[in-house]
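Trainee: Structure in structure tokens, see below.
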Amino acid sequence: MRGLALLLALGGFGLLTACDDESTTTADGGGGAPPQGETYAAGMAKATDAVTVVLVEAVPGPPIRGDSNVWTLALQDAEGAPMDGCTIEVDPRMPAHGHGTTPVPVATPIEGETGMFEVRPLNLFMPGLWRVAVRPTCGSDTAEVFFEFWIES
């Protein structure tokens, strides 16, 4: 009976020590696997049939944990020309955790720069994979592209 009690106590201790806030979490929620996501490069772009979204710059670059991230985005048409009269919605989410962030980032047009937007605050508050949806709307057309970055602790 003592052996069973010791075994149960050690098993419970093992379960408690297996979960800590410093562990690495992958996009599927597992731990110990290498980080996922894209490698940041100024000027990286994502395209649909109608629009290309260019991540002109991330400050800091690459993006980091916290609320100090500011992105500059550009919208271009299929020929690479800047797109005027559009709006952008930005929605950062952690796929493994099923949550987003607050406050919600705001994409503000940059005065005098057609098709350019500044996005802030981009609060990537936890380490792990962040999937940032960028949804430009131009007239009645809405598109969606994603940038994915691994945020270190």
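Numbering (this note's numbering), first residue to last: 2 to 154.
Where is the CB? At the ideal position from N, CA and C, for every residue including glycine.
Predicted, not measured: the structure shown is a model, and the values here were computed from it.
1) By alpha-carbon positions, which one of Ala59, Pro110, Val55 ends up nearest to glutamine 77?
2) What does the Cβ neighbour count give for phenylalanine 148, buried or exposed, with the cut at 16 atoms within 10 Å?
3) If we ignore side chains and look at the alpha-carbon of each, how far apart do serine 141 and aspartate 92 end up?
4) Anyone know if the C-beta pair for aspartate 68 and proline 122 falls short of 7 angstroms?
5) Assuming alanine 75 and methionine 117 make a contact with CB atoms under 8 angstroms, what is their CB distance in whole Å?
6) Can you round the beta-carbon distance between threonine 1 and asparagine 124 to whole angstroms, since I take them to be within the 8 angstroms contact cut?
7) From Thr138, Leu130, Thr40, Glu58, pick the residue whose C-alpha is nearest to that of threonine 154; which is it?
8) CA-CA distance, arginine 132 and alanine 43?
9) Would valine 105 be called buried (16 or more neighbouring beta carbons within 10 Å of its own) or exposed?
Mentor: Working from what's here:
1) By one-based count along the sequence shown, residue 77 stands at place 76. Checking every option, the nearest Cα to that of glutamine 77 belongs to Val55.
2) Counted from its first residue, the sequence shown places residue 148 at position 147. Classification of phenylalanine 148: buried, given that the 10 Å Cβ count is 16 or more.
3) As a position in the sequence shown, residue 141 is number 140, starting the count at 1. As a position in the sequence shown, residue 92 is number 91, starting the count at 1. One Cα belongs to serine 141, the other to aspartate 92, and the distance between them is close to 20 angstroms.
4) Numbered from 1 along the sequence shown, position 67 holds the residue referred to as residue 68. Numbered from 1 along the sequence shown, position 121 holds the residue referred to as residue 122. Against a cut-off of 7 angstroms, the Cβ pair of proline 122 and aspartate 68 comes out as a contact.
5) As a position in the sequence shown, residue 75 is number 74, starting the count at 1. As a position in the sequence shown, residue 117 is number 116, starting the count at 1. Correct: roughly 5 angstroms between the Cβ atoms.
6) Limits of the chain in this structure are 2 at one end and 154 at the other, which puts residue 1 out of reach.
7) As a position in the sequence shown, residue 154 is number 153, starting the count at 1. Note on identity: in this sequence residue 154 is serine, with threonine being the wrong assignment. Residue Leu130 holds the alpha-carbon nearest to the alpha-carbon of serine 154 among Thr138, Leu130, Thr40, Glu58.
8) Along the sequence shown, read from residue 1 onward, the residue named residue 132 stands at position 131. Along the sequence shown, read from residue 1 onward, the residue named residue 43 stands at position 42. So the two alpha carbons sit approximately 17 angstroms from each other.
9) Counting from one through the sequence shown, the residue named residue 105 turns up at place 104. Taking all protein chains shown into account, valine 105 has fewer than 16 neighbouring C-beta atoms within 10 Å of its C-beta and is therefore exposed.
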